[in-house]
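Taking it in order: structure first as structure tokens, then the write-up.
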Ligand SMILES: [Zn+2]
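In the working numbering, the protein residues as written are 32 to 370.
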């Protein structure tokens, strides 16, 4: 009997037409994770995992954010084209003084951060990139994102947007000129109705590997995400000025949420936080993750301790164990105590 590839290969999760033969698809854009794990092939950083015995100092490379057979080769290239554009026009220029004329800063009364408008980045291109990230993470069964799911309606909405608005793949290539592609996005603007988001980053960070890749499985209104140097709150539906929203990172403060909101084709705005505010956020995330791991960690600790020392552990033993698992010099933050 002949081997029939189509019998075992699912169809692409974006176009639904071609076979999903692509392997090694990154669930996060390479440029977003490279500050955390390093460039492809030279990974040096660490991804967090909430398993109690996960040691974030052991090199996991990019494996937790790579998945096979979700997309066809064409749709993978369509996403890579979009990522290339956002990387060149936003990531590479955003904090580079040589491109200062591409951005304009404004201060918000009473806030320690500035709001930077990226007038030359096509706002729908950025929205589309975020849509592709949410979609990819929602599809993934990788441990890092296994608990994260969009609702089926949201997932299908994003799939439709991606298939309609990513550049065309024809004759085994994506070859549309950038300016032409951006004009097609203008023509497709109705697709983006109802998608809103807030983006924040830091101005500088002395150690850029001190970052997390997290999409919170429970903080869904808005969806709370951090990818290396970007923090994103993503709304399906326009937020209201007075409403209280889920804010895992503690970003939202006493300002009008609408002044920092992206959507409706408005120029892309990014909150640029001072280093210290970003550090406080990272420490809070780290503490939260440590706290979530505590029940599993305690079991592991008792098992290991009895096996090794054959006596009940003391509080000092526990604190020493936690220091081993979460070295205090890696991130600031207090070590939790056993009550
Ligand atoms: Zn496809």
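Even glycine gets a Cβ: it sits at the ideal position worked out from N, Cα and C.
Q: Identify every residue that forms a DSSP beta bridge with residue 267.
A: 226, per the DSSP bridge assignment.
Q | Presumed contact (8 angstroms Cβ cut-off) between residue 112 and residue 152, rounded CB distance | A | Not confirmed; about 15 angstroms, so no contact.
Q: Sort out for me which residues DSSP pairs residue 97 with in a bridge.
A: Bridge partners of residue 97: 57.
Q. Of the choices 207, 228, 303, 353, whose alpha-carbon is the least far from that of residue 135?
A. Comparing Cα-Cα distances from residue 135 to each of 207, 228, 303, 353, the minimum goes to 303.
(Q) Could you tell me the alpha carbon to alpha carbon distance between residue 349 and residue 301, rounded to whole angstroms? (A) The straight-line gap from Cα to Cα measures roughly 42 angstroms.
Q: Compare the beta carbon distance of residue 110 and residue 197 with 9 angstroms and say whether it is the shorter of the two.
A: Cβ atoms of residue 110 and residue 197: closer than 9 angstroms.
**Q.** With 16 other Cβ atoms within 10 Å as the buried cut-off, status of residue 143
**A.** Of the residues assessed, residue 143 falls on the exposed side of the cut-off, its CB having fewer than 16 other CB atoms within 10 angstroms.
**Q.** Extent of the continuous alpha helix (DSSP H) to which residue 234 belongs
**A.** That residue, residue 234, is in no alpha helix (DSSP H); it is neither H nor E in DSSP.
**Q.** Inter-residue Cα distance where the pair is residue 236 and residue 311
**A.** The straight-line gap separating the alpha-carbon atoms of residue 236 and residue 311 is approximately 12 angstroms.
(Q) Just to be sure I understand the criterion: a residue counts if its Cβ is closer than 7 angstroms to at least one heavy atom of ligand 1. Which residues meet that? (A) Output, sorted by chain position: 43, 45, 46, 48, 49, 102, 103, 105, 106.
Q. What is the DSSP secondary structure of residue 339, counted as helix, strand or coil?
A. In this structure, residue 339 counts as helix in the three-state DSSP scheme.
**Q.** Cut-off 7 angstroms between Cβ atoms - residues of its own chain near residue 352, not counting five sequence neighbours on either side
**A.** Closer than 7 angstroms at Cβ, skipping near neighbours: 332.
Q: Please work out which residues of its chain come closer than 6 angstroms, Cβ to Cβ, to residue 223, disregarding the five sequence neighbours upstream and downstream, and give them in chain order.
A: Once the five neighbours on either side are set aside, the close Cβ partners of residue 223 are 155, 158.
**Q.** Supposed contact pair residue 287 and residue 272 - C-beta distance, whole angstroms, cut 8 angstroms
**A.** 6 angstroms between Cβ atoms; contact.
**Q.** Backbone CA spacing between residue 330 and residue 346 [nearest angstrom]
**A.** Taking the straight line from one Cα to the other gives about 14 angstroms.
**Q.** Beta-carbon gap between residue 246 and residue 165 smaller than 9 angstroms
**A.** Closer than 9 angstroms, so yes.
Q. Secondary structure at residue 346, three-state DSSP: helix, strand or coil?
A. In this structure, residue 346 counts as helix in the three-state DSSP scheme.
Q) Among 140, 139, 149, which has the Cα closest to the Cα of residue 133? A) Nearest of 140, 139, 149 to residue 133, Cα basis: 149.
Q. Could you give the C-beta distance for residue 3 and residue 107, rounded to a whole number, given that I count them as a contact under 8 angstroms?
A. What the structure shows of the chain is the stretch from 32 to 370, and residue 3 is not part of that stretch, so it cannot be assessed.
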